[in-house]
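Positions in the sequence shown are counted from 1; adding 3 to them yields our numbering.
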Amino acid sequence: MTDPRARVAKACRVLGKMELSRALRGHISARIPKTERIFIRARGPAESGVRYTAEDEVVEIDLEGRPAAGVPKGLRLPSELHIHTEILRARPEVNAVVHMHPPTVVLFTVTGTPLLPIYGAYYPYGLSIALENPPTFEMGRELSTAMAKARACLMRGHGITTVGESVEEACVTALSLNELATLNYQARLLGQARPIADAGVEGLRPAMKRLGARGASGEPGDSIATEWRYYCRLTGEDE
Ligand SMILES: [Zn+2]
4 MTDPRARVAK
14 ACRVLGKMEL
24 SRALRGHISA
34 RIPKTERIFI
44 RARGPAESGV
54 RYTAEDEVVE
64 IDLEGRPAAG
74 VPKGLRLPSE
84 LHIHTEILRA
94 RPEVNAVVHM
104 HPPTVVLFTV
114 TGTPLLPIYG
124 AYYPYGLSIA
134 LENPPTFEMG
144 RELSTAMAKA
154 RACLMRGHGI
164 TTVGESVEEA
174 CVTALSLNEL
184 ATLNYQARLL
194 GQARPIADAG
204 VEGLRPAMKR
214 LGARGASGEP
224 GDSIATEWRY
234 YCRLTGEDE
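Written out as structure tokens, the structure is:
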């Protein structure tokens, strides 16, 4: 795969184009393999927003938040940098962190509405996220404690944080969480949203496992890579 800096920049553009964060706010980080350092999207007056992230807007820092070689003029480290460094320090198995503010998911957090497992074969990976019942983070707590071993976390009145073995996996999980919220929202507009039957869930366990299979450290598994390629083409990143 291309280098981690380019992958972080591309991931920001794809999620920005998929409307997972409005305008400027949102960032993604990835561990640099075999180091205690990470790449993360910078913010500041020189930027144009998540969907326009350029490679030179992705900076290298250590896990204490210290930049390796300064931060380009007009940029600064995100004020929410701690979301990334806290999780990456606490969880060695995690190589990437996505933090976005998808409006539909935020609506569920502010109303305390549960995200129900309302579909199965429609998209088993999304079902697996619903079944995990992602925890909701409240201000004033430690995010890594609230998140524990989960791969996705809701943040009340704020947004989401997802993690992965690779930056692509963390992004696919964020996109899937957003889709889960969108369908839950639309179902509630039509009527009562009902979870699928337990028997249906059991039959989909093999598919959920296959779709979530991981690759080598820092790399997406085959199914995640395919899903990600679709989103890259959809957003004009891979022609
Ligand atoms: Zn935020």
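Note that beta-carbon positions come from the ideal geometry of N, C-alpha and C, so glycine has one too. This one's a predicted model, so the numbers in the text were calculated from it and none came from an experiment.
Open item on the list: Which residues does DSSP list as the beta-bridge partners of H85?
Closed with: The sequence position of residue 85 within the sequence shown is 82, counting from 1. None, per the DSSP bridge assignment.
In the DSSP assignment, what residue or residues form a beta bridge with F42?
Taking the sequence shown and counting its residues from 1, the one referred to as residue 42 is at position 39. Looking at the DSSP assignment, F42 forms a beta bridge with A33, E63.
- Task: State whether the region 113-122 contacts the region 208-217, with contact taken as three or more CB pairs (one from each stretch) at a distance under 8 Å.
- Result: no
**OP:** State whether the region 61-73 contacts the region 85-101, with contact taken as three or more CB pairs (one from each stretch) at a distance under 8 Å.
**Re:** yes
I want to check one thing, is the minimum distance from the CB of H87 to the heavy atoms of ligand 1 below 7 Å? Translated into the one-based positions of the sequence shown, residue 87 becomes position 84. Result no, Cβ not under 7 Å from ligand 1.
Quick check for students: name the residue ranges of the alpha helix (DSSP H) that lie wholly in the region 84-133, counting only runs of 4 or more. 84-93, 106-114
*asked:* I'd like the span of the alpha helix (DSSP H) that includes G203, first residue to last.
replied: The sequence position of residue 203 within the sequence shown is 200, counting from 1. Note, G203: alpha helix (DSSP H), 201-206.
Task: First through last residue of the beta strand (DSSP E) which encompasses T164 - done: Residue 164 sits at position 161 when you count from the first residue of the sequence shown. Unbroken beta strand (DSSP E) run through T164: 162-167.
Extent of the continuous beta strand (DSSP E) run through A155 = For this step, residue 155 is matched to residue 152 along the sequence shown. 155-158 is the span of the beta strand (DSSP E), which, as asked, contains A155.
Does the distance from the C-beta atom of P81 to that of R46 stay below 8 Å? In the sequence shown, the residue the question calls residue 81 occupies position 78. In the sequence shown, the residue the question calls residue 46 occupies position 43. Contact flag set, yes.
Smallest Cα separation from R10: which of V62, L23, L27?
Residue mapping note: residue 10 aligns to position 7 of the sequence shown, counting from 1. Cα-wise, what sits closest to R10 is V62.
### Query
Are the CB atoms of V74 and G19 nearer to each other than 8 Å?
Numbered from its first residue, the sequence shown carries residue 74 at position 71. Numbered from its first residue, the sequence shown carries residue 19 at position 16. No, the pair does not count as a contact, with Cβ atoms beyond the cut-off.
Could you tell me the boundaries of the alpha helix (DSSP H) in which R69 lies?
In the sequence shown, counting from the first residue as 1, residue 69 sits at position 66. From DSSP, R69 is part of no alpha helix (DSSP H); its letter is neither H nor E.
| said: DSSP three-state label for R79, please. | reply: Working through the sequence shown from its first residue, we reach residue 79 at position 76. In the structure shown, R79 sits in a strand (DSSP, three-state: E or B).
Problem - Residue from I43, S32, H104, R34 whose Cα sits closest to the Cα of A26 - result: Translated into positions along the sequence shown, residue 26 becomes position 23. For the residues I43, S32, H104, R34, the minimum Cα distance to A26 belongs to H104.
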